[in-house]
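**Q** Handing you a structure now.
2 protein chains.
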Amino acid sequence: MNWENIFATRMGRMKASEIRELLKLLDQPDIISFAGGIPDPALFPTEAFQDAMTDALSPQNSSAALQYSVSEGYGPLRDWIVEQMEALGIPCTRDNVLITSGSQQALDYLGKMMLSPGDTALVTWPTYMGALGAFNAYEPTYDRLMPGGNRSADDYAKTAEAAGGRVKFAYASVDFANPTGETLDLTARENILDLAEVLDIAVIEDSAYQTLRYDGDPIPPMLALEIARKGSIEECRTLYCGSFSKSLAPGLRVGWVCGAASVISQLVLMKQAADLHSATLNQMAINSVARSVFSDHTAKLRRTYSARRNTMLDALAEHMPEGVTWTKPEGGMFVWLTLPKQMDGAALLKSALETQKLAFVPGQAFYADRSNANTLRLSFSLADDEKIKEGMKRLGAAIRAQM
Amino acid sequence: MNWENIFATRMGRMKASEIRELLKLLDQPDIISFAGGIPDPALFPTEAFQDAMTDALSPQNSSAALQYSVSEGYGPLRDWIVEQMEALGIPCTRDNVLITSGSQQALDYLGKMMLSPGDTALVTWPTYMGALGAFNAYEPTYDRLMPGGNRSADDYAKTAEAAGGRVKFAYASVDFANPTGETLDLTARENILDLAEVLDIAVIEDSAYQTLRYDGDPIPPMLALEIARKGSIEECRTLYCGSFSKSLAPGLRVGWVCGAASVISQLVLMKQAADLHSATLNQMAINSVARSVFSDHTAKLRRTYSARRNTMLDALAEHMPEGVTWTKPEGGMFVWLTLPKQMDGAALLKSALETQKLAFVPGQAFYADRSNANTLRLSFSLADDEKIKEGMKRLGAAIRAQM
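Chain order of the listed sequences is A and B. Residues 1 to 403 (UniProt numbering) make up the first sequence, in order. Residues 1 to 403 (UniProt numbering) make up the second sequence, in order.
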C-alpha cells in the first residue's frame, strides 16, 4: 500500500525535528547536554502536586476529576489565570481564557484557526521551531517579522499576495525567547501592534517564559499595550499564549490562550472537535498547586536559573574564542551563540558529540528559511554549575577545532 | 476588527454541537437525562487511581511523571496495549502504537493526516458526531458508507472525483456504535475491507466501546481480519482507535491508535507539532490502573451497564407507542430510536424538556447530510433503574403528545 496516495498535502511539511532527535541523547549519562529546553526536575513542586492529586481524587472531587468536562477548561483555574492576566495589565474574564494542553496546542489551534494554504505567517528570524512545526500543518508561507519596524506593511501585503494568500498573523515570543533568550523592547512591541493594525492581522504573543525574569524591568505584554490603546480586550487582535510548563511542570500539559471572547469561543469549538478537553484531573491539580505555591515556587526557580545563567555567561566569556558572540538574556532558559560566518552549527554538533561528549541545538532549524547555519542554542536550565563550566570549556575546544 | 477576514476557510465548518449544549442540562438536578454518552462516575476505579498517582509522584517516579516526554507515548503503557491488541488477534509491537489524548484526538489526527479540502470521507449514516466534528476541520465531502456492500467502488470513486477530490478513508465504529448501539457483523467488516482494497483507501476502525460487550460473540476487529488476509500489520490499511475513556476514566484523556509503523511514525511527527505529547503523569497512572484492575473493573462495568440496558429495553417495550422502533445493542451505552417518519427529534426534545423534564440527543446531528430527523439517541450508562423506568414512561408520554 502506498500511503503517499492517501496522505493530505500537508504531510509534505511534517519532518522529524532536530530537537526531538537530540533529546534522545539525554539518556546517555556521559553526555553533557545543553540541548533540551526543559525544566530541572529537581525543582518540580512535587509535594504540592502530591497534595493536589490527593485532593482531586478525594471522595468529594474524584467524580469530577475523572469525568469528561467542558472544552473551555476548569472554571477555577481560568479564574486564577484571569487574576494573573490582570496583574500583567490585561483586564479580562473567564470567557477570555481557553485552557489548552500546553501552549504548544495553543499554537496549533491558532495556526488551524487562521491559516489556509498559501497564507503568510510573519515570524522572527530565528523563531521557536515548535511554532514553525505547529503552523506547517496548515501550509503557510513564512515572511520575516522585523520588530525593528524596518519593512513596510505594504511590502508585507504584496509579498503575501504574490505567495497566493494574505498575511494572517505575526507570531512573536516576547520575553527571553526560545531560542535567542532575547526580549522585545517596548518599541518593538508597539511596532508589531502598529504593523498588525495596518495589515489587519492577528498577533500571537507567546509568553511561555514570562515568569522567569531574573533582572531588568518587566515590559508590558503586547495584549496589555493593545488594551491600553483600545480600552477593552474584546477589541484586541492580540492572542496571548501562556504555559505552566516552565513555571510548575510540563508533564501535566496545561497552558492557555487569552484573547477576545469572540475568538476564544471559536477556539473552544475547535478544541471540542479536536480532543474534547484537556485532562480534568490535571487542570484541577494545576489550579491547586498554582494557588498554593506559585509565587514562592517561581521565586525559587528564578534564584536557581539566574545563578546558572550567570555561570554560563561567565564561562562563555572565559572559554569562547574570538569571533563568537552570544546573547545576554534577562531571563528564561537560553543563550544564543553566533559562530563565525563560515562555520556550521550542525557540523559542530557532530564533532562536539564525538570528541567532547557535548550536546546543544544547531540554530538553522529555528529559521523558517533555513538560513544562518552558523548559530546554536544553549540551555542553562538543566545543568549544575560544574557541568556548565566544564561544558563551556568543551564547547570552546570544539569550536577551536573547527575554526 | 473583523475576524472573518483572518479566519481560515475551515472555520466555516466549525459549529456548536448539540451534544455540548445539551450537556449543560445535566447540571439541572430535576432533569432526567439520557443525553450524554458518559460513564457513571460512581463506577470509576478511584482507589486504583489514588494508588497510581501516589506511585507516579513518589520520589523514584516524580521526575519523569512531571517532565516532558516522548511524543509516541509512555513505553510501558504502549506495551500493555500491545498485549491487549494481541489478545484481539492483532500481533504488533510498541512501534505500532501511538498514545493520543483520548480517541477523539486520534480521529482529529487521522483526518489531518489524510484529508485535503474536497477529499471524500466515507461514514455510515448515522455516525459518531464527534468524528464528523474532527474531520470537518479538514474540509472533506462525506459520502455514505454502506456496510451491506450495496454500492460499487466505482460509484464511490466517481462521486468523490465529481466532488473535487479522492476517497481517502472509510470510518466505522464497529462495536455497539455511538449513536446506534449496533455492531458491524463479520460480513460487513469484510465488505469494508474489500471496498478499501479496491478504492486504495485507509480504514479507520473506531473501537471506543470494545470492552463493553454484554452478550453475543465478539467479532474480530477489522484490523485483525486484515492481518489475517495479509500476514502483517505493516501491510494493513486499517488504523484501529482505542480508548480508556469508557473502560477506566475519560478525565485523564488517554487513548491510542494502532496501525502500520510507517503510519504511526507520521502521526508521531504530527503529535509532536500539535501538543508535544499526552500528559506523562496520566499515561503512567493509566498504565498502573490498567495493569492492576482492568479485567475485574471492566467485568464490573459490564454487569452494571448490561442491567441498565435490560431495564431500558424492557421499559421501552412497555412504554413506546406503536410506530416507534429501537435497536437492541449487545453492549456499549446507547439505544437508538426511530420515530414515525413525520416526527422530529429536535422538536420532541424541546417539548420533552418542557413538559416531562426529560433529555436525550436528537438524531439529525449524527447524519452527515442532516437527514432522518425522526431519530434520537438514548444513553443508559448514567441513570439508575428507577430513573430509566420513569424516563421511558415520560418519553412515551412526550412522543404520544407529538403524534
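Just so it is clear, CB atoms sit at the ideal spot from N, CA and C, and this is done for glycine as well.
(1) Can you tell me which of the three DSSP states residue 206 of chain A falls into?
(2) Hey, could you find the ends of the alpha helix (DSSP H) residue 305 of chain A is sitting in?
(3) How about the region 166–183 of chain A and the region 336–352 of chain A: do they share at least three Cβ pairs that are nearer than 8 Å?
(4) Once DSSP output is grouped into helix, strand and coil, what is the label at residue 378 of chain A?
(5) Going by beta-carbon coordinates alone, are residue 31 of chain A and residue 357 of chain A separated by less than 8 Å?
(6) As an exercise, report each continuous alpha helix (DSSP H) stretch of at least 4 residues that is fully enclosed by the region 317–354 of chain B, in chain order.
(7) What's the gap between the Cα of residue 351 of chain A and the Cα of residue 376 of chain A?
(8) On the criterion of 16 or more Cβ atoms from any shown chain inside 10 Å, does residue 140 of chain A qualify as buried, or is it exposed?
(9) Name the DSSP beta bridge partners of residue 123 of chain A, please?
(10) Give the C-beta separation of residue 176 of chain A and residue 209 of chain A to the nearest angstrom, bearing in mind that I take them to be a contact with Cβ-Cβ under 8 Å.
(11) Return the chain-ordered list of same chain residues with a C-beta closer than 8 Å to the C-beta of residue 92 of chain A, the five sequence neighbours on each side being excluded.
(12) Taking 8 Å as the cut-off, decide whether the C-beta atoms of residue 169 of chain B and residue 222 of chain B are in contact.
(13) Quick one: list the residues of chain B neighbouring residue 256 of chain A, beta-carbon separation under 7 Å, in chain order.
(14) Considering Cα atoms alone, identify which of B:76, B:251, B:280 is closest to residue 62 of chain B.
(15) Quick one: what's residue 3 of chain A bridged to in DSSP?
(16) Are any of the Cβ atoms in chain B nearer than 8 Å to that of residue 49 of chain A?
(17) Specify the secondary structure class of residue 32 of chain B as computed by DSSP and reduced to three states.
(18) Just how far apart, CA to CA, sit residue 67 of chain B and residue 160 of chain B?
(19) Determine the closest residue to residue 255 of chain B out of B:119, B:72, B:106, with distance taken between C-alpha atoms.
(20) List the residues that DSSP assigns as beta-bridge partners of residue 80 of chain A.
(21) Please tell me whether residue 237 of chain B and residue 268 of chain B are closer than 8 Å, where the distance is taken between their beta carbons.
(22) Of all Cβ atoms in chain A, is any one closer than 8 Å to the Cβ of residue 207 of chain B?
(23) Quick one: residues in its chain with C-beta nearer than 8 Å to the C-beta of residue 291 of chain B, no 5 flanking neighbours on either side, listed in chain order?
(24) Answer yes or no: do residue 167 of chain B and residue 199 of chain B have a C-beta to C-beta separation smaller than 8 Å?
(25) Quick check: the Cα distance between residue 331 of chain B and residue 349 of chain B, rounded to an integer number of angstroms?
(26) Return the first residue and the last residue of the beta strand (DSSP E) that residue 238 of chain B is part of.
(27) Opposite residue 258 of chain A in the DSSP bridges: which residues?
(28) Mind checking the region 277–293 of chain B against chain A and listing, in chain order, the residues whose C-beta falls within less than 8 Å of any C-beta there?
(29) Given this structure, state the Cα-to-Cα distance separating residue 134 of chain B from residue 359 of chain A, to the nearest angstrom.
(30) For a test of the three-state rule: what should DSSP assign to residue 362 of chain B, helix, strand or coil?
(31) Near residue 120 of chain A, which residues of its chain fall below 8 Å by C-beta distance, leaving aside the five closest residues on each side in sequence?
(32) On the three-pair Cβ rule with 8 Å, is the region 380–396 of chain A touching the region 318–330 of chain A?
(33) By the three-class DSSP mapping on this structure, what secondary structure does residue 400 of chain B have?
(34) Taking 8 Å as the threshold (C-beta atoms), are residue 45 of chain A and residue 293 of chain A in contact?
(35) With residue 233 of chain A as the anchor, note down where its alpha helix (DSSP H) starts and where it stops.
(36) Using three-state DSSP, classify residue 253 of chain B as helix, strand or coil.
**A** Answer, in terms of the structure:
(1) By 1-based counting over the first sequence, the position of residue 206 of chain A is 206. In this structure, residue 206 of chain A counts as strand in the three-state DSSP scheme.
(2) Residue mapping note: residue 305 of chain A aligns to position 305 of the first sequence, counting from 1. Run containing residue 305 of chain A: 280–319, per the alpha helix (DSSP H) assignment.
(3) yes
(4) The residue labelled residue 378 of chain A in the question sits at position 378 within the first sequence. Strand at residue 378 of chain A.
(5) Position 31 of the first sequence holds residue 31 of chain A. Position 357 of the first sequence holds residue 357 of chain A. Going by C-beta atoms, residue 31 of chain A is nearer than 8 Å to residue 357 of chain A.
(6) 345–351
(7) Here residue 351 of chain A corresponds to residue number 351 of the first sequence, with the count starting at 1. Here residue 376 of chain A corresponds to residue number 376 of the first sequence, with the count starting at 1. For residue 351 of chain A and residue 376 of chain A, the distance between alpha carbons rounds to 14 Å.
(8) As a first step, residue 140 of chain A must be located in the first sequence, where it is residue number 140. Buried, by the Cβ-count rule.
(9) Working through the first sequence from its first residue, we reach residue 123 of chain A at position 123. BP columns for residue 123 of chain A point to A:144, A:171.
(10) Numbered from 1 along the first sequence, position 176 holds the residue referred to as residue 176 of chain A. Numbered from 1 along the first sequence, position 209 holds the residue referred to as residue 209 of chain A. 5 Å between Cβ atoms; contact.
(11) Against the first sequence, residue 92 of chain A aligns to sequence position 92. Excluding residues within five positions, the ones whose Cβ falls inside 8 Å are 82, 85, 86, 233, 258.
(12) Against the second sequence, residue 169 of chain B aligns to sequence position 169. Against the second sequence, residue 222 of chain B aligns to sequence position 222. No, the Cβ-Cβ distance between residue 169 of chain B and residue 222 of chain B is not below 8 Å.
(13) In the first sequence, residue 256 of chain A corresponds to position 256, counting from 1. Here the premise fails: no neighbours, minimum Cβ distance about 14 Å.
(14) Stepping through the second sequence from its first residue, residue 62 of chain B is reached at position 62. Among B:76, B:251, B:280, the Cα nearest to that of residue 62 of chain B belongs to B:280.
(15) On the first sequence, position 3 is the one that residue 3 of chain A refers to. Residue 3 of chain A is not bridged to any residue.
(16) Reading the first sequence from its first residue, position 49 is the one you call residue 49 of chain A. At least one chain B Cβ lies under 8 Å of residue 49 of chain A.
(17) Position 32 of the second sequence holds residue 32 of chain B. Strand.
(18) Numbered from 1 along the second sequence, position 67 holds the residue referred to as residue 67 of chain B. Numbered from 1 along the second sequence, position 160 holds the residue referred to as residue 160 of chain B. So the alpha carbons of these two residues sit roughly 45 Å apart.
(19) Taking the first residue of the second sequence as position 1, residue 255 of chain B is located at position 255. Among B:119, B:72, B:106, the Cα nearest to that of residue 255 of chain B belongs to B:106.
(20) Translated into positions along the first sequence, residue 80 of chain A becomes position 80. DSSP, once it has assigned bridges, lists no residue as partnering residue 80 of chain A.
(21) By one-based count along the second sequence, residue 237 of chain B stands at place 237. By one-based count along the second sequence, residue 268 of chain B stands at place 268. Contact flag unset, no.
(22) Taking the second sequence and counting its residues from 1, the one referred to as residue 207 of chain B is at position 207. So, not an interface residue.
(23) If you number the second sequence from 1, residue 291 of chain B lands on position 291. Same-chain partners within the cutoff: 80.
(24) Stepping through the second sequence from its first residue, residue 167 of chain B is reached at position 167. Stepping through the second sequence from its first residue, residue 199 of chain B is reached at position 199. In contact: residue 167 of chain B and residue 199 of chain B (Cβ atoms closer than 8 Å).
(25) Position 331 of the second sequence, counted from the first residue, corresponds to residue 331 of chain B. Position 349 of the second sequence, counted from the first residue, corresponds to residue 349 of chain B. Cα-Cα distance, rounded: 25 Å.
(26) Residue mapping note: residue 238 of chain B aligns to position 238 of the second sequence, counting from 1. 238–243 is the extent of the beta strand (DSSP E) around residue 238 of chain B.
(27) As a first step, residue 258 of chain A is located in the first sequence; it is residue number 258 there, counting from the start. Looking at the DSSP assignment, residue 258 of chain A forms a beta bridge with A:97, A:240.
(28) 277, 278, 279, 280, 281, 282
(29) In the second sequence, counting from the first residue as 1, residue 134 of chain B sits at position 134. In the first sequence, counting from the first residue as 1, residue 359 of chain A sits at position 359. Distance between the alpha carbons of residue 134 of chain B and residue 359 of chain A: 39 Å.
(30) Locating residue 362 of chain B in the second sequence gives position 362, counting from the first residue. Residue 362 of chain B: strand per DSSP, three-state reduction.
(31) Translated into the one-based positions of the first sequence, residue 120 of chain A becomes position 120. These residues qualify, in order along the chain: 140, 141, 142, 143, 156, 159, 160, 163, 165, 166, 167, 168.
(32) yes
(33) Start at 1 with the first residue of the second sequence, and residue 400 of chain B comes out as number 400. Residue state, collapsed to three classes: helix.
(34) Taking the first residue of the first sequence as position 1, residue 293 of chain A is located at position 293. Taking the first residue of the first sequence as position 1, residue 45 of chain A is located at position 45. Yes; because the gap between Cβ atoms is below 8 Å, this pair is in contact.
(35) Within the first sequence, numbered from 1, the residue matching residue 233 of chain A stands at position 233. Residue 233 of chain A -> no alpha helix (DSSP H), and no H or E assigned at all.
(36) Numbered from 1 along the second sequence, position 253 holds the residue referred to as residue 253 of chain B. Residue 253 of chain B: coil per DSSP, three-state reduction.
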